[in-house]
Every structure is written in structure tokens, then in C-alpha cells.
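J.: Top line first, the protein sequences correspond to chains A and B.
Under the working numbering, the residues of the first sequence are numbered 1 to 545, in order.
Under the working numbering, the residues of the second sequence are numbered 546 to 1216, in order.
Let me give you the structure first, and then I'll get to my questions.
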Amino acid sequence: MIEFAVAGLTEPVNATVPWLSLAILFPIVGALVVPFIPDAGDGKQVRWYSLGITLVTFLITVAAYLNGYDPSSSGLQLAERVSWLPDLGLTWAVGADGLSMPLILLTSFITSLACLAAWPVSFKPKLFYFLLLAMDGGQIAVFAVQDMLLFFLAWELELIPVYLLLAIWGGKKRQYAATKFILYTAGSSLFILLAALAMGFFGGGTPSFEYTDLAAKNFGTGFQLLCYAALLIAFGVKLPIVPLHTWLPDAHGEATAPVHMLLAGILLKMGGYALLRFNCELLPAAHVQFAPLLIVLGVVNIIYAALTSFAQRNLKRKIAYSSISHMGFVLIGIGSFSALGSSGAMLQMISHGLIGASLFFLVGATYDRTHTLQLDEMGGVGQKMRIMFALWTVCALASLALPGMSGFVSELMVFAGFATDEAYTLPFRVVICGLAAIGVILTPIYLLSMLREIFFGKEKAELVSHTNLVDAEPREVYIIGCLLVPIIGIGLYPRLMTDSYRSSIEALVNRDINAMEGIARPTAPIIRQQPTLQAVLRAPSLPGS
Amino acid sequence: MSAAAELAWLIPVLPLVGAVITGLGLISFNRTVNRLRKPVALLLITCVGAAAVLSYAVLAGQLSGAPVVEHLFIWASAGNFSLPMGYVVDPLAAVMLALVTTIALLVMIYSHGYMAHDKGYVRFFTYLALFSSSMLGLIISPNLLEIYVFWELVGMCSYLLVGFWYDRDGAAHAAQKAFVVNRVGDFGLLLGILGLFWATGSFDFQGIADGLSQALSTGSVPMWAALALCILVFMGPMAKSAQFPLHVWLPDAMEGPTPISALIHAATMVAAGVFLVARLDPLYSQFPSIQLIIAVVGTITCFLGASIALTQMDLKKGLAYSTVSQLGYMMLAMGCGAPVAGLFHLVTHAFFKAMLFLCSGSVIHAMEDVVGHEPVLAQDMRLMGNLRQKMPITATTFLIGCIAISGIPPLAGFWSKDEILGQAFNSFPLLWFVGFLTAGMTAFYMFRLYFLTFEGNFRGHNPSLQRQLLIDAGRLSEEEEHHHHGGTLHESPWSMTLPLAVLAIPSVLVGLVGVPWNSRFAALLNPEEAIEMAEHFDWGEFLPLAGASVAISTAGITIAILAYALQRIDLGQLVAARVPTINAFLSNKWYLDAINEKLFVQSSRKLAREVLEVDAKVVDGVVNLTGLLTLGSGEGLKYLENGRAQFYALIVFAGVIALVVLFGVLGGPTA
């Protein structure tokens, strides 16, 4: 056995209590027990049970954060390592660093709220909660595992519950949406598998899929570029990146509110997390070549999706497109070679996880009352639903990056990080910043128009006569309140969150900057000299190291 | 007295605490809290009142020569970047704090009367406190980024308050327009801040100015970039302070309750743009070309606002355009490199314009009893007249406001406007001339408002005119019958007249702290300039210019008296009939709204629809087509949609697992 000296990564700190394994397995075991819960079939018992399980899971992750996690360290913490299937080279390796810990917390937090949001579900409740709990474990696993094969398995494992949740509890076009979702994501995850196998077996040494081993390997640039491209497609579908996004409006358009919260709150973040984890951390040389593309795609995301959202007349799809638009900032942040920008990308994921979840929850709650999602059929709803109106307004303002809320901080960090990033030429930065800032104008246009069309103006007689517009109930206010606490908390004092992953992001960015300098030495930095797109086009012909 | 400055952070925090308490109460116990009108009003007025007391203590400290106090903490950091936030108390901040808290307090007292019958009373007070908090935070911001934060927050409060009566379509559109137009300005401001941070590595006002001049001298930042950044930053104040061509939101924002128009859209928030330009004076004073642009924009705005105000029939809209015009004066002063003069006008204008708006609110309040809660009727001067008989306090204070804004000595407006015109005369004579003309127009339209509203005969009991107005506004179709109200006019309650009377005092007197030969205002903000002003003061220079402005104002007032009080001349016949194009041009507000609608609103809608079309047909079409092709035929797709897709998914999953196993078995031993 050859021991690899791992540059830039400190030795894993092993956990005394297997917190992460507990967080993954507890909800899964909880899910397996669901069929045996005595329940009359209306979900009234099983929902309490599930809420309990998700809350305990949340507490486990919080305990893990408090007891085993040191925010100032950039290394892997809470690490557990058990040889699982040695023949396959598969180890049960979990751990958390700055990239994964905040997302693990986000997952368990949003899932427990989604469970509360699912309160009215009465159709096949046992199956529903079974899937919800299974998904909870699967998603925590995606963020916590430290082995690429295991990652792939977790990634796949989480698809099935989502698929079923969509296909059984969705809207009218649920079959179409669910099929599209599964084809897209299962198809794209094939690329993850290929890349994982390639990275595991090539590059010398014993085949291993553990991140630390992969990071230590010395892949050639050409190889990195291939793997990077494959992974970019896979994660680009998830994030999503335009033009790989068309599953999302359909899936989000058909999902019920709690599933919706999970899709927007957590699933999209898997794409961003994976981009940081694999593309940036493990394939730095390729990242240097691809980063400009990421930035261009990010801007396309922001503007394209904002425009589509503006024209959408269906409320759910409007919000779905707004999610895509917000994810553009994640791409720009990831593509910037600055700690500030990448930190902003990370914060944008967390922030959108919270804001997206709250908006989608509100969409569901509104739909329960109006029984329509068409903006043309709404109007003047605010007079009967005043609290709902207030909650909508706050969440919409959060989404349009109002200062004092988390979205502003993350977008500002991305902007500032990219604008001051010397890796790109000045004209490129000017153009990108200018275009991305157009999103700053477009976002309020579509969000405020939406508010106006739903709540302002005279009550529509037809809507009022057909529906019972009751105001928000305490459960709903509570859910939004829970989501607003971190949204506003981060907005007022961002270091609450950023300090928990700061050192990891800095280590990651340093790795990428080193890679950039390493590659560019013979001919001076390519990106600095060439128009950026050209650098991308030329990338594959670069000599491997 | 520096102890007060150390506590300055409490000034924005106090109203915020009050707003948060009532806001949470409204969300959690809506009905109960909505019934607690008096306690809520008392709590919030106490909060703002305490902030006002503290502000005056701070101002007294600064007057007695206390040093500037600045406290910072690291708000966000990543890599080698760190962003401080905190607060700064300097003379400018102290003056603004006192001004804003005073007016906010009076407006709150006024609102107790004005909003007495509104079911959103508690919500209104909450918003007011929230706004006061954000505005006060803006004032004590020590750097550009923190200003931006509060800048957006005051914009949000403005949005909430303009759209306060959300069942009105007009309010809904106006609120959205206000926010979006301001976002256009913020777009520039944000890019400018980022660019300046890139160029100088600082968000601090002085740091930016020093850094930029240094970067220019070393050549690390080209001149064009520096100029572009300055213009970008200026876009923010242009939108916030309603400068041409981004002024379009302000007149529409009058859809909000009138106390809001007084507080936010006349006295405080719209002045934030001027305030920011004053804060950035160290930066702008390095670039004469930028100053010229600022001065020209200010002058255009000043003239445009006054010209549109000439023909307005809506009392509040008339005042709104007057505000646009006066903000133009302030900006002109900034462009002339005389921030002290601009700020002085900001202060005097805040007092008399807030008073004028509150007067108009008092009028509307009374008119609503006669014509009903319909802004189209209650604000239209064609239905008013002779209100002085029934509302003496309102009429008197309105008249004081008219004299003050017209620039008749020794009232407040004279001193500040004259100082601006004097500065403009020295810097840009052409712009001075436009400003000078505008002063005459100002006097004319203000007295026109006064005479139409308070003198002559009362025209409110005219059902056919009411009907016609409603039809013109599109609020009533030809067939519908208009419901008549039949109340009588009355003077407003003490809670509304008291603030008017209180505001009348500074409207008369506050100008005297800035007389050019001994300007205490300038001495506080910029002692050197005050000494210089006093030294260079020359009656021979002052009297002709001041005399000219007084003369043109008097001319304007005379025309207004002849036309509207004595009815000796009929302006409709004399001007409107002879040159209908000008009249149409003015009453259509220079066609700017129409251009805006066509150029930006329609085209962006069209673009968005087209993009959506592409997304649905092309991008998604390709996906669906691929799906169709891979599955062989439409039959395959149907198979999938029949619900057996779970099976398919499981096959994919199983296949993947099998692959893993296969690779594992094959790969394990060989490596």
C-alpha cells in the first residue's frame, strides 16, 4: 500500500460518536418502520411519527455540528470509515467539511419542515411518509459520504423516492413530469458513474473511490477535462443549467407543496454541492479551463430564466423558473477564482434552499385555497388572506435579494468576488457583471407583478364565489416563520453561516488558483490573456501534465 | 455630549424594535393587535420620539464641537476580503437625524388623525416605524455598501406604503413602478459600488475618493472607467431623488396615503439621493465633467417638474411635481460643487414641503366627506374652492408653505434657493437662467394650487362634474350611476392641525440659520466654507441676484392672482387655446410615461414571451423529440405514461448496480 501525501488536505478527524452514520441511517430505519405504524389510513398517526423522526434527525445533525465540528478547520471532520465491500473497493466513508456540513443541516431542517407542510396529505399517507423519510436519509448521505461510488449510490437512491412522490401525488400531468424527471436524472447520473469509475481506476495506485485518495491522484489534464465534462452534464441537469433545465418546470409544476420544498430546497443544492466537491476540488486543472464557461452559463441562467419566469402565467412554473435564475449566481460564484465568490455561491445555495422552500410552500398553501395556479384567474386575494399576503410579500422580497435577508448577502458576495477577481480580463468581468446585474432589475419585475396579480386590486367575483379563501393557519405561519429565522439571521449577520465553511472554501479556492498557476506557467495565464470563450474552446487541445 | 453620539446606534434601532413587535403581533394575533390602535400608536410614537430626543442630543453635541464618532465591526469576510459595517455620527448625519426624526414624529401624530377610520391603522404605523428605522440607518451609514443596504430597505418601505391600499389597482401599479424604477437606479448604484471597490478596495466614502485619485495617478484605473463608475453610482440618486428621466415613479407614488407622501416622497427618502451625492462629494469634486452632468440633470429635472406642475389638476400630483422640481434644485447645487447649499435647501424644503403635503392631506380628508373615498374626486381641485372658510388653519399653513417655496424673504425657501441660484450663477450661468425661470414658474403654480383650493367658490357639490371626472379617469362607465355623498366640510382634528402648526414655524424661520453673511448651517457642516462665504459676501452681488429671484417670484404670484383669484385673465383662452401642443405636451407629462410604456414595458413583455416560447417549443421540444426518437415511437411514450415507468426506473437502477458490481469484480484484483 502506498501512502499518498495529500496536499492541502489535513488528516481527517475521526468522530467519537458516529453522528453522520446516525443521521443517515436513523430516518431510513424510521422509514422501514412506517408500514408497522398503526394508522387508520388518514395519516393522522403516521404524520406525527414522521415529524418526530425528522425532528430527531435534525437534532442529530445539530448535535453533530455542535459536538464534532470545528468551523475553523478546513479538513474532514466527523469522519467514519468502515470497510464495506473490500472486493469492490467500497468503503463506508462519511465525514463532513465546510462544503457539506451546512448542507446537511439544511437538509434535515427543510425535511422536518416539509414533513409539517405535508400535514394535509391523506392519500396513501404511509407510502408518502415512507418515501419522505427515505429521501431524508438519502439526501444527507449525498452530502456526507466521502466515497464517490457511495455518492453515486446515494444520488440514485434519492431519485426513486422523488420519482414516486411526483408520480403518485403530483398534479394532472404527473406521469409525464415524473418520467421526464427520471429520464433526465437517471440518464445524467450515468455520467457520474462513468466519471467515478474512470477516476477510481486511472491515475495510479490502488483503485479507490474515496475523495481523499482521488484528491491525491495526479490526473492528466486531458483526463480531467473529460471527467469534468461528464460531471458537468450530470450536475448541470440537477442544478439546473440552461439548456438542461426543462425537467424542472414540469417536475416543480406537478409536485405537491412538501415535495416541492424538498426539490427546491435540497435537490437543486446537490448539483451545486457536487460541482464544488468534484469539479472544483478533484479536477482543478480542468476547472481552470471550464470556469469561464460556468460563468457564461450562469449569466444565461440568470437572464434567460428570469425572462421566462416573467412571461409565465402559471404560478408554480413562475417560481420554478425563478429558482433556475437564482442558481445562476451559484455558477458564477463557483467559476470565480475567489474565496469571496465561492463563499457567495455556497451561501446562495443555502439561502435559496430556505427562500425557495418557503416560496414553494406558499404556492402550495395558496393553491389549496384558490384551486388554481393561473395568475389570470386570481386577483384581489389579499383582502381575505391578509396574513398570507404578508408572508408572500416577505418571501418575495427575500427572493428579490432585499438587504437584511440572506439572498442579498449571497448575491452581493458573488458579485463582489467576481468583480474583483483578477483571474479574468477586465472587459469580461464588466460584461458579465453588467449582464448579471440585469437580473437585479428583472427579478423584482416578475416577483412584484406576481404579487400584484395575486393579491392586489379588486376581488375577482368568480374566484370568491367558487372558493373559500381562509387566511393562513398557525401551522403555515409557523413553517414560514421557521424558514425566515435563518433567512433574516444570515441577512443581518452573514458570518453566522459563512464562518462555518470559510476555511474549507478558502482551501478549495487555493487549490484551484494553484492549478491555474501550475497550468499557465509556460505561456502566462491563458485566461488572463485570451478572450475567455476562446480559452474554453481551446481547452481540449491543451497538453496534459 | 459625546455620550449621545455613542448611543447613536439606538436611533434606528428603537423604531425597528417597535416595528418588529407590532409586526410580529400582526402576524400572530392579527385581530387582537388590530384592535389595539392606541397602545400601538403610543408605543411607536414613543419609539420615534425617543429617537428624536436622542437625535437632538447628538445634534447639540455636534454643534458644541464634539468629534466625529465612528464605530465599525466586521460584518462579512471571506479570503482577504472583509466588509465593515457600523455607524458614523458627523455634523451632516446629526442634522439629518434631527430632521428625519422630527418630521417622522409629526407625521405619525398626524396619521393618528388621518388614518383614524382606516382598517389598516396598525399596519400603517408599523410601516411608518419600519421606514423611520431604515431611513435613520441610511443616514448614519459609514460606507457605500451599508448605504446601499438601507437604500433598498427604504425603497421596500416605500413599496409597501405606496401599495398600502392594495385593493386599488392604481396603488398596486404605482408601488410596483416605484420599486422597479428604483431598481433600475440601484442596478447602476450596485455596479458602481462594485466597480469602485475593484478600483480602490474600499467602500468608505473618503477611502474611495482617495483611492480613485491615487489609482488614476498611477494609471491602474483608466480615466474612462473612473468616469463610468461615477456615473453608474449617480444612477442610484437619480432614481431615488426622482431625477430626469427616472423621476416617473414619484408622481405615481402619490397613490399612497398622504402622510406617506409627506414623509417619504417629499421630505426624507427622496432626499436620500441628494444626501448620498453630498456624502460622495470628495469623489465627485475630483471630476468636473461629472459635476456638470449632475448639474445638467438637476436643471432639466427642475424645469421639467415645474412645467408639468403648471397644468396639474390633482392637488397631490401638483405637489409631487413640485417636489421633483425642488429636488432638481438640490441636485443642481450638488453639480455646482456646493453641497452645503443643496443640503440647506434639502432641510428647508423638507419642512415646508412636508407641511404642504400634510395640508393637502387635511384637504383630502375633508373632501372625502363630501365626495366619498375616491381619490379621483377628493384630490381634484376642480371640485374644491373656498376651503379657507371652513379650514382656516390648513389654509393659513398652506399659504405659508406657498410663500416659503416661492422664495419670498425672509421665509425658509428664499435663503436656500437663493444660495443655490447664486452658486449656479457663478458656475454655470446658463443653468442659472433655467433655474431662475423655474423659480417664477414655482411661484405661479404654487399660488395656483392655493387659489384653486382655498379661494373662490366651493365647487364640490356638482354631480355632473363629479361624474365626468370619474368617467375621464376610467372609474365609471357612461351608463353607471355615480353614488352621491353629501357630507359637509370641516377643519381636521387637532392631531392633524397641530403638526401643521408646528411645521409652519421652521418653514418661516429655519432659513435664518443659513443667511449668507453668517451661515450657521454651513459653519456646522463645513466651517471653512462658512468662513469663506462670510468673507466673500458682498451686498452688491447678493442684492441684484436676490432681487431678481424675488422679482420673478412676485411676477409668478401676480399672474396666479390675476388668473385664479381675480379672474382677470383666462389662461385657458390665452395660452392653452392658442398653443394646444404645449398644453398637451405638459398635461401628458412630456410624453415620458408613454415612451416608457412603449419602449421598456411593452418590449420587455414581448421579449419575455418570446423567450418563453423558445423555451417551451425549442429547448423542451428537442427534449421531447429525443424522448420520442429513443423510444421508437409515440407508442413507447404512451407506455411510459401508463404508469409503468416505475418499473423502468427500477431497471435503470438495477442496471447501474450491476455495472458497479461488474466493474468492482473485474477491477478489484487487477489493480
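Quick reminder that beta carbons are idealized off the backbone N, C-alpha and C, glycines included.
Since the structure is predicted, the reported quantities are computational estimates derived from the model, not experimental observations.
1. So the candidates are A:Ala251, A:Leu231 and A:Val259; which of them puts its Cα closest to the Cα of Leu183 of chain A?
2. With a threshold of 16 other CB atoms inside 10 Å of the CB of Leu326 of chain A, please say whether the residue is buried or exposed.
3. Using 10 angstroms around the beta-carbon of Asn279 of chain A, count the other beta-carbons present and answer buried if the total reaches 16, otherwise exposed.
4. Could you tell me the boundaries of the alpha helix (DSSP H) in which Tyr693 of chain B lies?
5. Looking only at its own chain, which residues have a Cβ that is under 6 Å from the Cβ of Leu849 of chain B, when we skip the five neighbours before and after it?
6. Identify each residue in the stretch 424–435 of chain A for which the Cβ-Cβ distance to at least one residue of chain B is less than 9 Å, and report them in chain order.
7. List the residues of chain B whose Cβ lies closer than 8 Å to the Cβ of Val381 of chain A, in chain order.
8. In the structure shown, what three-state DSSP assignment does Ser1178 of chain B receive?
9. Counting C-beta neighbours from all protein chains within 10 Å, is the total for Ile1140 of chain B 16 or more, i.e. buried, or is it exposed?
10. For a cutoff of 8 Å on Cβ pairs, would you count Val908 of chain B as touching chain A?
11. Counting C-beta neighbours from all protein chains within 10 Å, is the total for Trp743 of chain B 16 or more, i.e. buried, or is it exposed?
12. Quick one: grab the DSSP three-state call for Trp620 of chain B.
13. Whether or not the stretch 923–934 of chain B and the stretch 988–1007 of chain B are in contact is what I'm after, with contact meaning three or more pairs of Cβ atoms, one per stretch, closer than 8 Å; do they touch?
14. Are the stretch 744–752 of chain B and the stretch 789–802 of chain B touching, with three or more C-beta to C-beta distances below 8 Å?
15. Any beta-carbon of chain B closer than 8 Å to the one on Ala311 of chain A?
16. By DSSP, does Gln77 of chain A sit in helix, in strand, or in coil?
17. Closer than 7 Å by C-beta to Thr498 of chain A: which residues in its own chain qualify, once you throw out the five before and the five after it? Chain order, please.
18. Output the distance between the C-alpha atoms of Ala5 of chain A and Ala216 of chain A, rounded to the nearest integer angstrom.
19. Measuring only between beta-carbons, confirm whether Thr370 of chain A sits less than 8 Å from chain B.
20. List the endpoints of the continuous alpha helix (DSSP H) containing Phe943 of chain B.
21. Are the CB atoms of Val707 of chain B and Leu734 of chain B nearer to each other than 8 Å?
22. Return helix, strand or coil for Gln224 of chain A, following the three-state DSSP convention.
23. If we define contact as Cβ-Cβ less than 8 Å, is Ser573 of chain B a contact residue for chain A?
24. Using the beta-carbon of each residue, which ones in chain B are nearer than 7 Å to Ala398 of chain A?
25. Cβ closer than 7 Å: which chain B residues qualify as neighbours of Thr420 of chain A?
26. Using 8 Å as the limit for Cβ to Cβ distance, is Thr57 of chain A near chain B?
27. Just tell me which of B:Leu698, B:Lys785, B:Tyr711 and B:Met701 has its CA closest to the CA of Val729 of chain B.
28. Looking only at its own chain, which residues have a Cβ that is under 7 Å from the Cβ of Phe360 of chain A, when we skip the five neighbours before and after it?
29. Go ahead and pull the three-state DSSP assignment for Asn1007 of chain B.
30. Out of B:Pro1072, B:Leu739 and B:Thr893, state which residue places its alpha-carbon closest to the alpha-carbon of Asp421 of chain A.
31. Return the CA-CA distance between Gly1177 of chain B and Leu1170 of chain B, expressed in angstroms with no decimal places.
32. Taking only three categories from DSSP, how would you classify Gly1188 of chain B?
33. What are the residues of the stretch 296–307 of chain A that lie near chain B, defined by any Cβ-Cβ distance shorter than 7 Å?
34. Applying a beta-carbon distance threshold of less than 7 Å, which residues of chain A neighbour Met701 of chain B?
35. Does the beta-carbon of Val82 of chain A have 16 or more other beta-carbons within 10 angstroms, so that it is buried, or is it exposed?
36. Just verifying my parser: in three-state terms, what is the DSSP assignment at Trp710 of chain B?
T.: The short version:
1. Ranking the options by Cα distance to Leu183 of chain A, first place goes to A:Ala251.
2. For clarity, residue 326 of chain A is His in the given sequence; the question names Leu instead. Within a 10 Å sphere around the beta-carbon of His326 of chain A sit 16 or more other beta-carbons, which makes this residue buried.
3. buried
4. Leu689 to Val707
5. These residues qualify, in order along the chain: Phe789.
6. Leu426, Arg429, Val430, Cys433 and Gly434
7. Within chain B, no residue comes near Val381 of chain A; the closest Cβ sits about 10 Å away, beyond 8 Å.
8. Only weak support is given to the placement of Ser1178 of chain B: the predicted model assigns it a pLDDT of 43, under 50, and the value that follows is read from those uncertain coordinates. Three-state DSSP puts Ser1178 of chain B in coil, outside helix and strand.
9. Flag for Ile1140 of chain B reads exposed.
10. no
11. Counting Cβ neighbours within 10 Å, Trp743 of chain B comes out buried, since at least 16 surround it.
12. strand
13. Contact between the stretch 988–1007 of chain B and the stretch 923–934 of chain B is present, because at least three Cβ pairs lie under 8 Å.
14. Taking a cut-off of 8 Å on C-beta distances, the stretch 744–752 of chain B does not touch the stretch 789–802 of chain B, as fewer than three cross pairs fall below it.
15. yes
16. strand
17. Ser343 and Leu347
18. Confidence in Ala5 of chain A is poor, its pLDDT being 38 and thus under 50, which makes the residue's placement unreliable; the coordinate value appears in the next sentence. C-alpha separation (whole angstroms): 7 Å.
19. For Thr370 of chain A, the closest Cβ of chain B is not nearer than 8 Å.
20. Pro937 to Ser951
21. Taking 8 Å as the Cβ cut-off, Val707 of chain B and Leu734 of chain B do not qualify as a contacting pair.
22. helix
23. yes
24. Residues of chain B passing the Cβ test: none, with the nearest at roughly 11 Å.
25. Phe742 and Trp743
26. no
27. B:Lys785
28. Ala257, His260, Met261, Ala264 and Ile319
29. coil
30. Residue B:Leu739 is the option with its Cα nearest to Asp421 of chain A.
31. Only weak support exists for where Gly1177 of chain B lies, its pLDDT of 48 falling under 50; the coordinates are left without a value.
32. The predicted position of Gly1188 of chain B is uncertain, since its pLDDT is 49 and thus under 50; a value taken from the coordinates is nonetheless stated next. The answer is helix: DSSP assigns Gly1188 of chain B an H, G or I state.
33. Tyr304 and Leu307
34. Leu397 and Leu402
35. Looking at its Cβ environment, which holds fewer than 16 other Cβ atoms inside 10 Å, Val82 of chain A is exposed.
36. coil
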